[in-house]
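Structure record follows, encoded as structure tokens.
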Amino acid sequence: MGPREGVDRARDRGTVWASRQRSRAVRGRTGVGSGRGADAAAADDRGAGAVETVRGNVHGGVGGAGTRRRWRKGFLARAGAGRDATREATTRAPSERVVAAKLIARRGERKTNTRQEEAVKRLASGTCATVVVRTILAPLERVKIEYLLNGSKLKPEELVRAIMRKEGALGLWKGNVLNIARTAPFKAINFCAFDTYREFVIRSFPPGSDGRRIGLLCAGAGAGMTAVVTCFPMDVIRTRLLTTGGKEKYGSFLACVRTMYRQEGTSTFYRGITPALVSMVPNAAVYYSIYDGLKNRRLAQLNAELAEQKKRQKGGKRDDDTEVRTIEQKNMMLYGAIAGIASEATTYPFEVVRRRMQMQSGRSTTDLVIGRKALMSVVTSFRTVASATGWKSLYAGLGPSCIQVLPSAALGYYTYEMFKLLFDVD
């Protein structure tokens, strides 16, 4: 085989290899196939550069054996480096692939939403997430209500069997439509309000300052209070219908609204809102501050990994205008579960008192809903529950509630973040 034939074969092999690498790069950039991301694309560019070097040497003329050895050595070195970089990008652990399609966004290419568009997209994300999560966890909610309001003494598995014998399998989803109608706007407003308040805090205080930390706590508390005031009447109606004999007494949803309004007045729809507000302040503050703190810490780690990865890239294209938008899915669920358990255990006694106060019938006045008398009513309810059944009764149903909150908090923020990515909103 002559020198010219050797050059032609080397060129052909390099061309085929470069063609394959370009195809893989296209699949990686579009999210199809291996999903290797920016590292593999940079490796492909280096491999293609090696082929262009070969072409330039071939068409420009090969002077002799020494020249052929030099360009052949350079070609093999570049091709080997490209394959090594490709292998590193495709075999790296998922936590290190911070350039995955859903996690990385170019600041210059992203569409800028107006404030109205952001609010609508956040509300839509919260609504869709709540519908999905509440439908999945409706049986746990039904069991919690039975323990909390009807005083069931059965074990959880026995209670589930009793409900299914009496009402069928669909009995576990009793009240789910009403629950979704209540919680979907509540969660949507809650998520949207927190993101809105959070943006204001971030603009007002520098990173790491005490003002920002306190502001984020207040943002969480304010989001919870906004959602409670807006959606509390729906919760009162749902509680009346779900208790034993409630369906027979009130009938349909609209009939319940009419009966409560005629017999007890407008203020009855906000009966128990004081303990709800008192519990929501620490609940939302704990939940959002823990989740947001854990999320921001992980985002900082991912962006640091991305910056370090860019420094290690030599000869490849650098996308300096990229940033990590969100964290990994497993960490979304983990951080949501941690925040949910912490907030639930902190404020559960207020949940018990709120439910008891909602069950009190009779004509209600405004001063019994909010104000000094309302606060005294909360204290009286605490004492009544504790003296009648002991202080442990303030935590009645905490176990099933935590079992429900664990997947609810984990899935809640996870689905919300996923829908926000789908709707392209931060």
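The numbering of the sequence shown is full-length UniProt numbering, which starts it at 1 and goes up by one.
Beta carbons are placed, not taken as given, at the ideal position from N, Cα and C, and that holds for glycine.
R122 and E417 have their C-alpha atoms roughly 10 Å apart. Residue A339 holds the alpha-carbon nearest to the alpha-carbon of Y288 among N179, A339, A181, A188. When DSSP reads this structure, V352 sits in no beta bridge, so it has no partner.
Within 10 angstroms of the beta-carbon of K166 lie fewer than 16 other beta-carbons, which makes it exposed. The shortest C-alpha to C-alpha distance from M280 to any of Q329, L422, W173, N190 is the one to N190. A distance below 8 Å between beta-carbons, with the five flanking residues on each side excluded, links V425 to the following residues of its chain, in chain order: N113, E117, E118, K121, R122, S125.
About 7 Å separates the Cβ atoms of P400 and L140, confirming a contact at the 8 Å cut-off.
Membership of V324 in the beta strand (DSSP E) is indicated by the continuous run 322-324. The beta carbon of G224 sits closer than 6 Å to those of M280, A284, all from its chain and outside the five residues before and after it, given in chain order.
Residue state for K153 is assigned as coil, using DSSP reduced to three classes. The DSSP-derived three-state label of I327 is coil. The Cβ neighbour count for Q329, taken over all protein chains shown within 10 Å, is under 16; the residue is labelled exposed.
Around the beta carbon of Y261, fewer than 16 other beta carbons sit within 10 angstroms, so the residue counts as exposed. The shortest C-alpha to C-alpha distance from L178 to any of T326, L154, A138, E199 is the one to A138. In the pairwise beta carbon analysis, the segment 227-239 is classified as touching the segment 250-261: at least three pairs are separated by under 8 Å. In the structure shown, the three-state DSSP call for N303 is helix. When secondary structure is reduced to three states using DSSP, P282 falls in the helix class. In this structure, C128 lies near T415, with their beta-carbon atoms less than 9 Å apart.
Here the C-alpha atom of T346 lies approximately 11 Å from the C-alpha atom of L398. In terms of Cβ geometry, R134 and T183 form a close pair [threshold 9 Å].
For V425, no alpha helix (DSSP H) run applies, since DSSP gives it neither H nor E.
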